[in-house]
Each structure stands twice: as structure tokens, then as C-alpha cells.
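Below is one structure, written out as C-alpha cells; comments come after it.
Residue numbers (mature numbering (1 follows the signal peptide of the UniProt record, and there is no 0)): -20 to -1, 1 to 217.
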């Protein structure tokens, strides 16, 4: 703060050596007033050098970069991912010598997306993109013709989700249609719903309507009057 001329005159009037009003002060008188009131042109008297340090700053004139122990938010990942999904900022602490801040601690930055959770791990705003399933989950599966599932011997199996979030190819426990009906079993091995149709097919009859294939006896009288019969598979009219 600068002291105006009037203030100097008032102060001078209180001193024994002060000049009468309107008289130029001598050097000795000015020096006495300055010592008593302080130099208005000194750095200490200027307001613009007395600004308080901001939080984390060292005091004006200090050689330290920050105030020891002061903490501030930090984030070393892509700024666009901060506070998106799993990503959050951390904190860095000013070193004891005030030379700067330490490493960013407790921050979470983007990592590869995991199908094993419901978290946006790569912090792109989408959860579990590219995942077909949750690792370890199971579901029914069947790789045969859809119309044969649950018909005859055919049945579905179970497939399992891999750790990468995709389905394993193996369908455990499924039973698919046989290419050729097994004549030695009573089951519907080719899963058509009519085992006898398959027997007709094996005899070269491929055009029998459903349930119109049967063993039709064919008998002849052998020499000597003996009746001999065979029972080939035929399409019924």
C-alpha cells in the first residue's frame, strides 16, 4: 500500500524535526519518516506478492513442486474411458521432498472384455460384446435333422459354454439317426417314426407312404402239394 503525500505531512507534523506546512523536507527528515512508517515501494508493501498458495501448491517463492502429502485425482488411461464401465480415476500423492507427485494408485483402466462377468471391462460403453454365452452355462443341443429330434432313438444332448464365452462344438449325449435301419433291433434307428418304412427302404422300396409298408406273405404250392410262403416287405395299396 502506498502512502500518499498528505499522510506523510501528517506523520511529519508529529515529529520534532518536521518542517512547517509547505516547506520541503530534508533528507534526514524523510529518512526518519520512512523508518517510522516503512518504505511504501518495498516488495513487502505490495499486495500482489501476498497471494496465498492454492491447495497442493507450495508457498510463493518455494522451490517445491507441490505440498508434501497432498493428494489429487489422476488417470493414466484414455481420457474418454474415465468413469465409463469399470474404469475409475485413482489418486497420486505429493512426495515427501515436494519434488512432484508419486504414481497413480487405485485407478482402474480398460482391459480386455471378459465374458465371465456382467461388467464393461474395456470401458467402451457396452457389456460383454462378442460373448455368445456365460462361461460354464449349458443348454440342450441337437445336430441332426430337426424333424428327427425326439423321434425313435434320437434325442438331444448338452453343450457347454467355454471360458472365452463361446459354445463348445461337442454336443454331449446326443443320439443322431442311423443311416440304415438295424434289422436286428425293434427300435426306430433312423428316427422316421415308422421302423417298417426303413425295412422297405432296405428292400429297395422307397416310395411307400407312411404306415403303408408291410410284410406281405407270398405263398406257392411246391411240387408234392407243399405250401411254401415268403414274407417280403411291400408297399400296401
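Even glycine gets a Cβ: it sits at the ideal position worked out from N, Cα and C.
Item	Value
Secondary structure of residue -3, DSSP reduced to three states	Residue confidence for residue -3 is low, a pLDDT of 46 falling below 50, so the modelled location carries little weight and cannot support an answer.
Member of 119, 172, 93 whose CA lies at the smallest distance from the CA of residue 150	119
Cβ separation of residue 91 and residue 102, assumed to be a contact under 8 Å, to the nearest whole Å	7 Å
Other residues of its chain near residue 123: CB distance less than 7 Å, five sequence neighbours each side excluded	151, 154, 156
Under 8 Å between C-beta atoms of residue 147 and residue 135	no
Whole-angstrom distance between residue 167 and residue 115, CA atom to CA atom	37 Å
Classification of residue 57 by the beta-carbon crowding that lies within 10 angstroms, buried from 16 upward	buried
Straight-line gap, residue 144 to residue 76 (C-alpha atoms, nearest Å)	46 Å
Same chain, Cβ closer than 8 Å to residue 198, five either side skipped, listed in chain order	209, 210, 211, 212
Residue from 94, 132, 50 with nearest C-alpha to residue 174	132
Residue range of the unbroken beta strand (DSSP E) whose run includes residue 139	137 to 140
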